[in-house]
Each structure stands twice: as structure tokens, then as C-alpha cells.
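S.K.: Sharing a structure here in C-alpha cells format.
Protein chains: 2
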Amino acid sequence: MVVDLPTPSVIVDGGVLDRNLRAMASSAAARGFALRPHAKTHKCVEIARRQVELGAAGLTVATVAEAEVFAAAGLDDLFIAYPVWPSPQRAARLRELASRVALRVGIDSAESAAALGAAVPGLEVLVEVDSGHHRSGVAPAAAGDLAAKAEKAGLRVRGVFTFPGHAYGPGRQRPVAGEEESALTEAAAAVTAAGLDAGVRSGGSTPTAALTGPGVVTEMRPGVYLFGDAQQVELGTCGWADVALTVTATVVSRSGNRIIVDAGSKVLGADQQAWATGFGRLIDQPEARIVALSEHHATVVVPEGAAVPGLGEVLRVVPNHVCTTVNLADELVVVSAGQEVDRWRVAARNANT
Amino acid sequence: MVVDLPTPSVIVDGGVLDRNLRAMASSAAARGFALRPHAKTHKCVEIARRQVELGAAGLTVATVAEAEVFAAAGLDDLFIAYPVWPSPQRAARLRELASRVALRVGIDSAESAAALGAAVPGLEVLVEVDSGHHRSGVAPAAAGDLAAKAEKAGLRVRGVFTFPGHAYGPGRQRPVAGEEESALTEAAAAVTAAGLDAGVRSGGSTPTAALTGPGVVTEMRPGVYLFGDAQQVELGTCGWADVALTVTATVVSRSGNRIIVDAGSKVLGADQQAWATGFGRLIDQPEARIVALSEHHATVVVPEGAAVPGLGEVLRVVPNHVCTTVNLADELVVVSAGQEVDRWRVAARNANT
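Chains P and R, in that order, give the protein sequences. For the first sequence, my numbering assigns the number 1 to the initial residue and increments by one for each residue that follows. For the second sequence, my numbering assigns the number 1001 to the initial residue and increments by one for each residue that follows.
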């Protein structure tokens, strides 16, 4: 425990982080796909550089603003995995970015292809495909038609991508990894049949990355794997020992087997999937449950018979969804053996545009 | 619509805000309680000053860090409505604050009273009472005993407070306003019976503020009333015309009566009470529902037959819970008649310690 830090603080175990980064790099190499980690999870330049050092082909980002932050730091191969709409101010920023880094963006409609082609002629794009998550993306069979329209609009199609977000559910990883691969296979065939380039066949995600390839998928874009979080533990994607990021919290109130700690939704985030067992977990007492969360209070229930932490004790909370936790923090405190060794600025925090 | 802003941006209608500020100030005066608005909602110095200008007795904050931000800006009467635990670094900060502003903090245990008394002798405190929300706070009948222990520990008891968070549920406002008042009445009697000062009897909250007094309650601490949000509209506490804060969002994907806009949980927050009808609402199309939310995507379903916004259109989203939305933003863009007139820094953003 880093005793001198005020609570709540967001701390990262540098050793666990590095082990996670290496493990995914090795797994990607063994499974035959390129790794293009999603930087929306960490938003830190230091971590992005380390991912590239360990062999990442480039970075994935969610927004033009995130791309700008990482481009400014010298990361020069960026994919905006999003159906970017080029409103006038965004179009100018895309042109500027495309002039200095290798840039690709997502498209999922003829309208956005036409608008992007007019705004940034020659821009490289991937066609977004819906593999079952039903968020953005076209049906796999429609990818060839959209690719052809994009080329006509002056864009350069380089392949297809999907985000299998429906893998976030107990027991869903394996079937969804199959759907992800099928969707990319069908979409790539449609693009090839249209006479266009389907060289990039890009999938998500931390839950499916260990179940993918070798095969049609040429790159994967997992984000959360480097930190882990309570969702990933509850999905079985990682264990407690793999969780690198926690939030320190002081016990401020106590009644029977129920305690209140001072980490709430303004530091953890309020994400809670329907299948989650609470609003985060305690890494040193995983049998406890966070049964309620408000802005500065987490209500923790400790099972009958287990030790109830005392007032003033500092605990470590594993957030449900680490991406939103990081986006709330200004910096991550890097620790090793309980001692602070570094601080990393969350450079792309709030880079939503 | 403020067309030149990138989306998503957090915008505040200055006219609606001022009307809400004035209405609550008048209502408090008419109902016979002092107003000590909770600054955790807006976190902006400009708004805090305006609240005091309109007659607020002082500010409520949730953390020592928030108190530090507002004290530095000259707000000199602050109540930390939280059972503050004085860890060594926090104790030093409390001493510093108490030396330059009128400061009160909450206590809800003999242990925290003893620790605070040792750390900041003479500090003014209010005893926190549980009025039914079952988060922090002691039972009303126990307030006298705790007050006596606090005085013995060297603190100066000034009264009691409660937060009736269980008023956040359809049909709950009126019964919970009654519970809030009963709990404060009983707790104040217990403190008085112990021969101590129960002059301050402080309640929440935006849902109960219009149902309180005149009577035992001497001050109220509503936070959300100045902006409104989808929760308050769905509770019936305010109407759409009273919502002052919205998040702009561009339609980036469209399929039938389902659209995706580019405001997700990283700008709106992921708060969703069990009774909420979605993850926020569209202010100009309240019949639509946000059925899914991820970090940069809100999935909106428009009812059959209603107009479906087109790709590239800019909409305004009302977040479910405005406090977490503000805490994600670096600044609020103040608009009047669709034109930007000012920007306010979210000075206490991430002030969680």
C-alpha cells in the first residue's frame, strides 16, 4: 500500500502491467495476428510507446482527439476504429493528421464515405462490420458494396473491421470469437469480390483475443488486457493477480459487516453490466461486494465471519471497467512493491471529440 | 445549436441556469430555510459566486479537495457533508482550511470524532444521521451520544445533517421528505437532550427541497437543481424547459429508426438508476430512448413514425446524472440563443481527495 497518497488515488503496479503487455504481445505473435492495442484504455503516452516497443503494429484510438494526442507524441500509425463523421472542424483536423501520420478511419455508411472522400481525399479506410453487437457497422455481406462506394468517393479501402462487444457476457467469449471471425471472413470475401483490398481484417477485443487465429484475422485491437478490471475477472479473462490498476480508498464509515469507503463513481466510474456482481471489487478481499455506489461512497458488504476492515484502513478497489476509471484520472501513480516509482499523465483524458 | 463546437461538448444555457438559481433561492426563502447548495454538481467558481450573490449561506462540498478549490477562490463558508477520515495528510489540509475559512465537517462515528478532535482541535462538526438511505450516518436516536463524544474529543458540535438519497425513486419524494424531517427532528432533540447545540438541522436534496419546511429544517443542500438532468425530469422534479446543461452529439451511424451519436459514457457518465428509462434523453426528441451506451456511442431508438435524425445532424443529450457529467468535463461552454458567450473551467473536477 502506498501510504502517503491521498485517497482515492489511481495506482498501477508496473510489474503486473509489464507482464500483461508482454503476455499479449507473445500471444498475438503465437496466434498469427498483428497487435494494434486500443489506447482508449490507458490514454498514456508512456504505455503507448511501450506497446510499440513490444511489437505493436500501431495504435487503435476511438476519436480524432485521441489520435491528435498520440500523434503529437510521435506515435505515427493510428487507426480510428469509429465511424467518424467529418463535420467541418473535424475534417480539417483529419486532413492535418493524415498529412503527418499513417492514418486509417472506419466507415459504416455510403453517406459518411462520401463526406469523408470529399473532406480528405485519398484517406485510408476500413469498412466497419456488425458481427452481432448491433451497434455501428454494416452487415458482412454489405461490406463489398460499401467498399466500392468508398473507393468511388475517393477513399482507399484497406479492409474490414469489427468490434465484438457482445463478448462481454459470461460464457459469451467463445461463441462470439467465432461470430467475429465469421463476420470478418464474409466481409473480406465481399470486399475481394468487389475487386478491392481486404488485406486488413481487424477484430477486437480483450475477451476474444486469446480465442482468435490463426486464420482470417490479421490484427486484433484489445484494450483492457494491460490493466484488467473486475469485469474481466468476472468473465474469466484474467485473474486477480493480473489486475494492474486499482484505486486506493479509505474506510470512512462502518456498521456491522458493512463499510463505506471514499472511492465513488467520480473516481471508479459507474459502469455496471447486468451480470456484474457489484460496482467493483476489493482486490485483497474478493469475497466482499460493493453493493451501492454514489459519487464519493462505495458501500461494501463483507460476508458474515470475514474480517471487517477498520475505520481509517486503506483498501484497494478494482473498478468494474478500467477504461472509464482512467478517463476520470489526471494521472496514474506507478508503484512497485508498494512504493511510488513514477507518475504518468493521462494525456488523452477527455479527448472525446 | 452551437454549430462551431466539436461534438461532444458540454453546454450550459445561461438563461435557464440563472432562472433555476433564482427559483431555488426564492423557494428557500419562502420555505424558511437557508440554502447551502452542494457545489459537487457544478464544481465551477463562477456558479458558486452567483449562488452566494443570490443569498446562499455558504457552500456544501463533498471532499477536502473540493473545499480547497472553493476556499482558494474566496468562498469562505464551507461544509464538507461527508464523514471525513483525518488520515495524516488529510488532517494537515483540514487544519490549513480551518485556519482561513468557516469550516464544518460531518462525523458519523466515535472513532472519527476522536481522530478529528486530535487532528483539528476545535473543529466545528455536524452529526450525520441516517434518514433511511442507509449509506453513512448514525440512527437519529444515537445522535446525542455521538455529539457528546465529539465534544469530549475537542470538537464543537453545531447540529445534525442527513442526505435523503432514497428520495431518488418515482413517487419517493414526498414520503422521504417526511422521513428526512423526522430524522432531523429526532436527532436534534437527542443532541439538545445531551445539552449540546443542535442549531443547524441540515437536509438534502433536489428532490425534497420543494417539499420541506417551514419547520425543523434550518438549511438545505440541493445540488442538481441548477442544471436539472434526465433523472430529475423522470422523477418529476423539473421539466425539459428547466434543463440547463446538455451534451452536443453528432449522428454518426443510422439504421432504420436506430441511430448512433458520438456522446458516450466518457462524456455523459454511465449512471443509470434501476427506474431510469435509458442512459439519458434527447432534449428535442424526448420520446426517443438511449437504449445502450458505450464509451463513445449512444444508441438511440426513435419511435416508429417519428422523424429519424440524419447522419451529421447535431443533437443535444440530457445526461441521466449531471454531477458525473460535469466531473468528466474540463470546461462548460455557456451559451445564449445558440451562441457561445462564456466558458467556465470545471475547477473542482476530479477533486476527490
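All C-beta atoms, glycine included, are put in the ideal place defined by N, C-alpha and C. Note that this is a predicted model, so its numbers are computed, not measured.
With 8 Å as the threshold, decide whether the Cβ of P:Y225 is near any Cβ in chain R.
M.R.: So no, P:Y225 is outside the interface.
S.K.: Extract the residue ranges of the beta strand (DSSP E) inside the region 1292 to 1332 of chain R, only unbroken runs of 3 or more that lie entirely within it.
M.R.: List check, beta strand (DSSP E) in window: 1298 to 1301, 1314 to 1318.
S.K.: Strictly by DSSP, which residues pair up with R:W1344?
M.R.: The partner list for R:W1344 (beta bridge, DSSP) reads R:L1332.
S.K.: Counting only C-beta atoms, is R:A1148 closer than 8 Å to chain P at any point?
M.R.: So no, R:A1148 is outside the interface.
S.K.: Mapping the DSSP letters down to three states, classify P:F279 as helix, strand or coil.
M.R.: Here P:F279 sits in coil by DSSP.
S.K.: Residues bridged to P:R201 by DSSP?
M.R.: Its beta-bridge partners are P:V160.
S.K.: Run through DSSP, which three-state label would P:P175 get?
M.R.: The answer is helix: DSSP assigns P:P175 an H, G or I state.
S.K.: Within a Cβ cutoff of 7 Å, which residues of the same chain sit near R:P1319, ignoring the five residues on either side of it in sequence?
M.R.: For R:P1319, where only same-chain residues beyond five positions count, the Cβ hits under 7 Å are D1229, A1230, V1247, L1268, G1269, G1280, T1325.
S.K.: Give the DSSP-derived three-state secondary structure of R:Y1168 in the structure shown.
M.R.: It is coil, neither helix nor strand.
S.K.: Which term fits P:V217, buried or exposed, when burial requires 16 or more other beta carbons within 10 angstroms of its beta carbon?
M.R.: P:V217 comes out buried.
S.K.: Label R:E1219 either buried or exposed according to how many other C-beta atoms from any shown protein chain fall within 10 Å of its C-beta, with 16 as the threshold for buried.
M.R.: Buried: at least 16 other Cβ atoms inside 10 Å.
S.K.: Do the region 4 to 13 of chain P and the region 333 to 345 of chain P touch if we need at least three Cβ pairs shorter than 8 Å?
M.R.: Judged by Cβ distances under 8 Å, the region 4 to 13 of chain P makes contact with the region 333 to 345 of chain P, as three or more pairs qualify.
S.K.: Is it the case that the Cβ atoms of R:L1059 and R:P1037 are separated by a distance below 8 Å?
M.R.: Yes, the Cβ-Cβ distance between R:L1059 and R:P1037 is below 8 Å.
S.K.: What residues of chain R sit near P:P355, judged by a beta carbon separation below 8 Å?
M.R.: Residue 355 of chain P lies beyond the range of chain P shown here (1 to 353); nothing can be said about it.
S.K.: How would you call P:D271, buried or exposed, if buried means at least 16 neighbouring beta carbons within 10 angstroms?
M.R.: When all chains shown are included, P:D271 counts as buried.
S.K.: In the structure shown, what three-state DSSP assignment does P:V267 receive?
M.R.: DSSP places P:V267 in helix when its eight states are reduced to three.
S.K.: Within the same chain, show all residues whose beta-carbon is closer than 7 Å to that of P:G137, passing over the 5 residues directly before and after it, in chain order.
M.R.: Cβ neighbours of P:G137 beyond the five flanking positions: D108, E128, V129, D130, T162.
S.K.: Output, in sequence order along the chain, the residues in the region 1260 to 1276 of chain R whose CB is closer than 9 Å to any CB in chain P.
M.R.: Cβ contacts with chain P come from I1260, D1262, A1263, G1264, S1265, K1266, V1267, G1269, A1270, D1271, Q1272.
S.K.: Using the Cβ count rule (16 or more neighbours within 10 Å means buried), how would you classify P:P207?
M.R.: That one is buried.
S.K.: Could you tell me the boundaries of the alpha helix (DSSP H) in which P:A48 lies?
M.R.: Here the alpha helix (DSSP H) through P:A48 covers 45 to 53.
S.K.: Please state whether the Cβ-Cβ distance between R:H1296 and P:A62 is less than 8 Å.
M.R.: Contact flag set, yes.
S.K.: My guess is that R:I1260 and R:A1210 are in contact by the Cβ rule of under 8 Å, so how many angstroms apart are they, rounded?
M.R.: Contact flag wrong, Cβ pair sits at about 37 Å.
S.K.: Using the Cα positions of P:A39 and P:F70, report the straight-line distance between them to the nearest angstrom.
M.R.: Roughly 9 Å separates the two Cα atoms.
S.K.: Listing by chain order, which chain P residues have their CB less than 9 Å from the CB of R:E1111?
M.R.: Under the 9 Å cutoff, chain P gives R254, G310, L311, G312.
S.K.: Ordered along the chain, which non-local residues of its own chain (more than five positions away) have a Cβ less than 7 Å from that of R:L1054?
M.R.: The residues are L1021, R1022, A1025.
S.K.: By alpha-carbon positions, which one of R:G1213, R:L1184, R:A1147 ends up nearest to R:A1030?
M.R.: Of the listed residues, the one whose Cα sits closest to R:A1030 is R:G1213.
S.K.: Could you check whether the Cβ of P:P83 sits closer than 8 Å to any Cβ belonging to chain R?
M.R.: P:P83 counts as touching chain R.
S.K.: Using the beta-carbon of each residue, which ones in chain R are nearer than 9 Å to P:A115?
M.R.: Per Cβ cutoff of 9 Å: L1311, G1312.
S.K.: Hey, R:W1240 and R:P1286 are a contact pair by Cβ (cut 8 Å); roughly how many whole angstroms apart?
M.R.: So it is a contact: roughly 6 Å between Cβ atoms.
S.K.: What are the boundary residues of the beta strand (DSSP E) that includes P:S255?
M.R.: Its beta strand (DSSP E) spans residues 245 to 255.
S.K.: Quick check: is the beta carbon of R:G1144 nearer than 8 Å to any beta carbon in chain P?
M.R.: Chain P, which has no Cβ nearer than 8 Å to the Cβ of R:G1144, makes this no.
S.K.: Is P:E96 close to chain R? Criterion is C-beta to C-beta, closer than 8 Å.
M.R.: False, the Cβ-Cβ gap to chain R never drops below 8 Å.
S.K.: Please check if any C-beta of chain R sits within less than 8 Å of the C-beta of P:D354.
M.R.: Not covered by the structure: residue 354 of chain P. The range shown for chain P is 1 to 353.
S.K.: From this set, R:A1118, R:A1274, R:N1327, R:T1250, which residue's C-alpha is nearest P:V84's C-alpha?
M.R.: Measuring from the Cα of P:V84, the nearest candidate turns out to be R:T1250.
S.K.: What separation, rounded to the nearest whole angstrom, lies between the Cα atoms of R:A1034 and R:V1160?
M.R.: For R:A1034 and R:V1160, the distance between alpha carbons rounds to 14 Å.
S.K.: Helix, strand or coil: how does DSSP classify R:D1018 here?
M.R.: Helix.
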